[in-house]
Structure formats: C-alpha cells, structure tokens
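Enquirer:
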Amino acid sequence: MTSCGRRIAVKCLRLKISERPINRIALDVGPDRSGEHGLWASLTAAEARDLAHRLLAQAALAEPSASAQPSTPPPSAPPGSPGP
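Last residue of the sequence shown: number 89 in my numbering, and the count goes up by one each step with no gaps.
1. Put Asp-37 into one of helix, strand or coil per three-state DSSP.
2. To which residues of the same chain is Pro-89 closer than 6 Å at the C-beta, ignoring the five residues directly before and after it?
3. For Lys-16, list the residues DSSP reports as bridge partners.
4. Take every Cβ of the segment 26-43, pair it with every Cβ of the segment 58-66, and state whether three or more of those distances are shorter than 8 Å.
5. Counting along the chain, where does the alpha helix (DSSP H) carrying Arg-59 start and finish?
6. Output the distance between the C-alpha atoms of His-42 and Met-6, rounded to the nearest integer angstrom.
Now the structure itself:
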C-alpha cells in the first residue's frame, strides 16, 4: 500500500488463444483513500522490464543517501513510450 492509500497489484495475465497465447503484465493501481479512481495498464514483458528499471533508478535518486551524491539524470524513456 502506498502512503496515499493506494494498493498496487502486479500480475501476469495469460490469454490462451488457440494459435498464439498472449502474455502481459497487468499493473493495477487502486483508488486512494478519498475514492479517487485507480488505473491499470497491460504491459509486454519488455515494457514491464523497462518500467522496473526506471522505477529502480528513481527510487535510488529518492533515497536519503542520494541527496549527498551528485544528481544523475533519470534514464530516458524508449521511443514510443510515455514519458515520466
């Protein structure tokens, strides 16, 4: 649960279609304590890995020890993906 009360669920979504199964990573961000709507996204494995790398980079910058170090720019989003 986040500090604003949102639950974040990450699951593997597998759709078994006769000829070609579809595998996605489902990211579900629930509503906050005040009832503000949540959202969800369906990501490919590559998109999920990219998001994980960007989240880890931002988390490293947000760590208290990071403020004592010179700041480094966050990794850029790959072409065609939504920016931060």
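C-beta atoms are modelled at their ideal positions from N, C-alpha and C, and glycine is treated no differently.
Expert: In brief:
1. coil
2. Low local confidence applies: a pLDDT of 49 at Pro-89 is under 50, so the model's placement there is unreliable, with the coordinate-based value given in what follows. Nothing meets the Cβ criterion.
3. Ala-31
4. no
5. 50-67
6. 15 Å
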